[in-house]
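Asks: Under this note's numbering, the first residue of the sequence shown carries the number -10, and numbering increases by one thereafter.
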Amino acid sequence: MEIPRKCIHCGTCQRVCPEAAISLVDGDFVIDRSQCRNCLRCVDVCYAESKELVGREMDADAVFKEIYKDRLYYELYGGGVTFSGGEPLTHPEFLTAITEKCKRFRINTAIETCGFGDYEAFKTALPYIDHIFFDLKHIDSAAHQQLTGAGNEEIIKNLNLISNHDIPITVRTPVVPGYNDSQENIIGIATLIKDIPAVKEYELLPYHNLGSGKYASLGRPYALGGTEPPAEEQIIQLVKLAGQILKPSGKQCFYTKKNKKEILL
Ligand code: SF4
Ligand code: SF4
């Protein structure tokens, strides 16, 4: 990651880069990612931590050691571990190993997933998962393809297969203005999930742009630049619409405000 505000302009990173991938752009020492070979020399010499390595490889044992430190907290106050990503279902062996360890020590587990993965591979983890937060972004496959790069057939198929395992599921839709915030879309998703027994509730997540700074630090384009969060009145209307569809099946739709579920029906 590059965090220009921390830079003291010593120029050392530029001098040590073996690929000449760092140049001065508008007063900042910027990495040309197409030239970078990830040798991390610039990180090693940047005492100001303006260039920083984020993330590290860990095996399941090392991750579990970290989790285990909080075991007493979970026992006293509830809660547990949520595996998100990236996408946990694309790491089925790791997910199975780590969730199995958690269950052995009676630590609750949840995953946040977009539902895109190989069911035959990830189903080994399902016996060790207590709750699933399942993203469904668009009911129309062509629109889903445009939004995410993949259609929704595999995702809906996986939702149905996972629901056979009797794990409570919260379906979630991140509501992004201009992309998937139509009433038609939310009604379509609510109609799909109302008859899936394992789905207990439907949460609408109003889009926010808090992650845009991280994209800039990673030198990645932010596809939703310029998109504003939806108005609260719109979210309220969508929650009510979906709630009306779900209520006869004993399910609810909600959004979260100040850490509190707003159910509205
Ligand atoms: S080494 Fe760090 S502080 Fe020095 S110019 Fe490079 S980014 Fe800035
Ligand atoms: S990590 Fe990339 S930018 Fe940094 S010194 Fe190595 S090649 Fe250059």
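Every residue gets a Cβ at the ideal spot worked out from N, C-alpha and C, and that includes glycine.
Taking the alpha carbon of Ala187 as the reference point, which residue from Ala10, Leu13 and Asn147 has its own alpha carbon closest?
Replies: For the residues Ala10, Leu13 and Asn147, the minimum Cα distance to Ala187 belongs to Asn147.
Asks: Given this structure, state the Cα-to-Cα distance separating Pro195 from Lys249, to the nearest angstrom.
Replies: Spanning the two alpha carbons is a distance of roughly 14 angstroms.
Asks: Which residues neighbour ligand 1 when neighbourhood means a C-beta less than 6 angstroms away from any of its non-hydrogen atoms? List them by chain order.
Replies: So the residues near ligand 1 by this Cβ test are Cys(-4), Ile(-3), His(-2), Cys(-1), Gly0, Thr1, Cys2, Phe18, Val34, Cys35, Ala37, Ser39 and Lys40.
Asks: I want to check one thing, is the minimum distance from the CB of Leu253 to the heavy atoms of ligand 2 below 7 angstroms?
Replies: Not under cutoff, so the answer is no.
Asks: Ligand 2 heavy atoms versus the CB of Leu29: any closer than 7 angstroms?
Replies: Checking the Cβ of Leu29 against ligand 2 gives yes.
Asks: Below 6 angstroms CB to CB, which residues in the same chain sit around Leu160 once its five sequence neighbours on both sides are set aside?
Replies: A small fix is needed here, since residue 160 is Val in this sequence, not Leu. Cβ within range, chain order: Phe123, Leu125, Ile182, Val188 and Tyr191.
Asks: Could you name the residues of the same chain whose beta carbon sits closer than 8 angstroms to that of Asp21, not counting the 5 residues immediately before and after it, in chain order?
Replies: Closer than 8 angstroms at the Cβ level, and outside the excluded window around Asp21, lie Ala10, Ile11 and Ser12.
Asks: Should Pro77 be labelled buried (16 or more other beta-carbon atoms within 10 Å of its own) or exposed?
Replies: That one is buried.
Asks: Cβ atoms of Ile156 and Ile185: under 8 angstroms apart, would you say?
Replies: Cβ distance not < 8 angstroms, so Ile185 and Ile156 don't count as in contact.
Asks: Pull up the CB-CB distance for Pro166 and Glu217, whole angstroms please, since I reckon it's below 8 angstroms.
Replies: 6 angstroms between Cβ atoms; contact.
Asks: Does Ile158 come out as helix, strand or coil in the three-state DSSP assignment?
Replies: It is a strand residue.
Asks: In whole angstroms, what separates the C-alpha of Val52 from that of Pro237?
Replies: If you take the alpha carbons of Val52 and Pro237, they lie about 42 angstroms apart.
Asks: So, for Leu29: in the same chain, excluding its five sequence neighbours on each side, which residues have a beta-carbon less than 7 angstroms away from its beta-carbon?
Replies: Excluding positions up to five away in sequence, the list reads Leu42.
Asks: With a threshold of 16 other CB atoms inside 10 Å of the CB of Val70, please say whether the residue is buried or exposed.
Replies: So Val70 counts as buried.
Asks: Taking 7 angstroms as the cut-off, is the CB of Ile(-8) close to at least one heavy atom of ligand 2?
Replies: For ligand 2, not one heavy atom lies less than 7 angstroms from the Cβ of Ile(-8).
Asks: Do the region 124 to 141 and the region 168 to 175 meet, that is, are 3 or more Cβ pairs less than 8 angstroms apart?
Replies: With the cut-off at 8 angstroms, the region 124 to 141 and the region 168 to 175 touch.
Asks: Are the region 100 to 116 and the region 138 to 152 touching, with three or more C-beta to C-beta distances below 8 angstroms?
Replies: Yes: at least three Cβ pairs fall under 8 angstroms.
Asks: Let me confirm a value: Ala114 is counted as buried when at least 16 other C-beta atoms fall within 10 Å, else exposed. Which label applies?
Replies: When all chains shown are included, Ala114 counts as buried.
Asks: Which whole-angstrom value describes the C-beta separation of Ile121 and Ile96, a residue pair presumed to lie in contact below a C-beta threshold of 8 angstroms?
Replies: With a Cβ gap of about 16 angstroms, Ile121 and Ile96 do not count as contacting.
Asks: Would you identify the three-state DSSP class for Gln223, choosing helix, strand or coil?
Replies: Gln223: helix per DSSP, three-state reduction.
Asks: Answer yes or no: do Ser23 and Pro(-7) have a C-beta to C-beta separation smaller than 8 angstroms?
Replies: Against a cut-off of 8 angstroms, the Cβ pair of Pro(-7) and Ser23 comes out as no contact.
Asks: In the region 76 to 128, which residue ranges form an unbroken beta strand (DSSP E) of at least 3 residues, counting only runs that do not cross its ends?
Replies: Whole beta strand (DSSP E) segments, 3+ residues: 97 to 102 and 120 to 124.
Asks: Can you name the residues that DSSP bridges to Tyr63?
Replies: Its beta-bridge partners do not exist; DSSP assigns none.
Asks: Where Asp59 and Glu8 are concerned, what is the direct C-alpha to C-alpha distance, given to the nearest angstrom?
Replies: Going from the Cα of Asp59 to the Cα of Glu8 covers about 43 angstroms.
Asks: Quick check: is the beta carbon of Cys35 nearer than 8 angstroms to any beta carbon in chain C?
Replies: Structure shown: chain C not included; a single protein chain is present.
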